[in-house]
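Residue numbers (our numbering): 2 to 273. Yeah, the Cβ is synthetic: ideal placement off N, Cα and C, and Gly gets one too. Bear in mind the structure is a predicted one, so any value in this text is a computation, not a measurement.
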């Protein structure tokens with residue numbers, strides 16, 4: 002007999018919340034995210050250091066992403082050059098095309114496109130992998146066997162993504178510039194030396210630093226979001242799918258917000 006069941010003729014009991022049910026869930030989720038990030042910054046400084054696992058994850062995140070990154074960057078360089086030429090041709094300024102390509106790709110397109118592709122490929126893979134390990138109780142088994150699963154699974158993947166996304170960004174930028182050069186050379190017969198002279202003449206040291214900083218932040222965001230969603234997944238195979246999907250969506254959403262905020266800071270520094 003259920004003693005907690007409401008009796009006929011009496012008002013049903015209601016669960017009390019601090020604010021509302023939805024707001025309470027949001028605050029609890031924010032608290033969990035804070036604890037997860039704080040644990041990462043605590044664990045990353047103390048041994049044991051999982052160098053072998055970090056190198057393995059660098060290979061999975063970096064090397065295995067090169068074919069997709071190369072194709073995407075090359076196509077972006079060609080498409081952006083084709084789209085920009087008619088506008089510059091109206092003013093007789095097609096000679097400025099290499100400078101326009103360099104500014105657009107190095108400042109914004111290169112880091113952003115690389116991060117979005119990595120969020121789709123790397124973020125979903127990390128979320129699904131850790132989610133399946135949580136569902137099959139492999140993480141619990143690691144805790145029982147006196148192994149620190151957080152350091153082995155989370156710290157290694159976040160460090161790997163933080164290190165490899167900047168490297169992939171530089172590679173994507175280079176491939177995009179090569180694609181733009183081929184398009185420019187086909188139409189204007191510009192030599193390689195002249196093209197890259199105009200490319201590097203149009204950018205500053207601040208542009209390179211800003212692109213690198215953005216790539217590091219994007220890489221950390223992708224790794225942390227994927228690990229958080231996968232490490233805390235539940236509800237069987239359904240939870241694994243939700244972890245992979247929410248890793249991609251959340252990472253992309255945060256990347257756009259970070260791009261906006263970093264752009265405002267860089268523009269303020271450039272104006273100063």
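Residue 20 and residue 31 have their C-alpha atoms some 15 Å from each other.
The three-state reading of DSSP puts residue 268 in helix, counting H, G and I together. A direct Cα-to-Cα measurement between residue 47 and residue 86 gives close to 53 Å.
A contact between stretches requires three or more CB pairs, one per stretch, nearer than 8 Å, and the region 110-127 meets this requirement with the region 208-224. Along the region 30-75, the alpha helix (DSSP H) occurs as fully enclosed runs of 4 or more residues at 52-62, listed in sequence order. No Cβ-Cβ contact shorter than 7 Å links residue 200 with residue 71.
Residue 44 sits close to residue 151, with the two beta carbons spaced by under 7 Å. In this structure the region 104-119 lies against the region 202-220, because at least three pairs of beta carbons, one per stretch, are closer than 8 Å.
Under the DSSP assignment, residue 226 falls in the alpha helix (DSSP H) whose first and last residues are 206-232. Residue 128 places its beta carbon less than 7 Å from that of residue 231. Listed in chain order, the non-local C-beta contacts of residue 193 below 8 Å within the same chain comprise 182 and 186, local neighbours out to five positions each way being set aside. Taking residue 168 as the centre and dropping the five residues before and after it, the same chain places the C-beta of 63 closer than 8 Å to its C-beta, in chain order. Nearest Cα to residue 74 within the set 107, 51, 124 and 202: 107. Under a 10 Å Cβ-count criterion, residue 68 is classified as exposed, with fewer than 16 other Cβ atoms of the shown protein chains found around its own Cβ.
Taking all protein chains shown into account, residue 33 has fewer than 16 neighbouring C-beta atoms within 10 Å of its C-beta and is therefore exposed.
At the C-beta level, residue 227 and residue 78 stay beyond 7 Å of one another.
Setting aside the 5 residues that flank it on each side, residue 131 is surrounded in the same chain by 154, 228, 231 and 232, each with a C-beta closer than 7 Å to its C-beta; the list follows chain order.
With fewer than 16 neighbouring CB atoms inside 10 Å of its own CB, residue 83 falls in the exposed class. Contact check for residue 157 against residue 54 passes: the beta carbons are separated by less than 7 Å. Collapsing the DSSP output to three states places residue 93 in coil.
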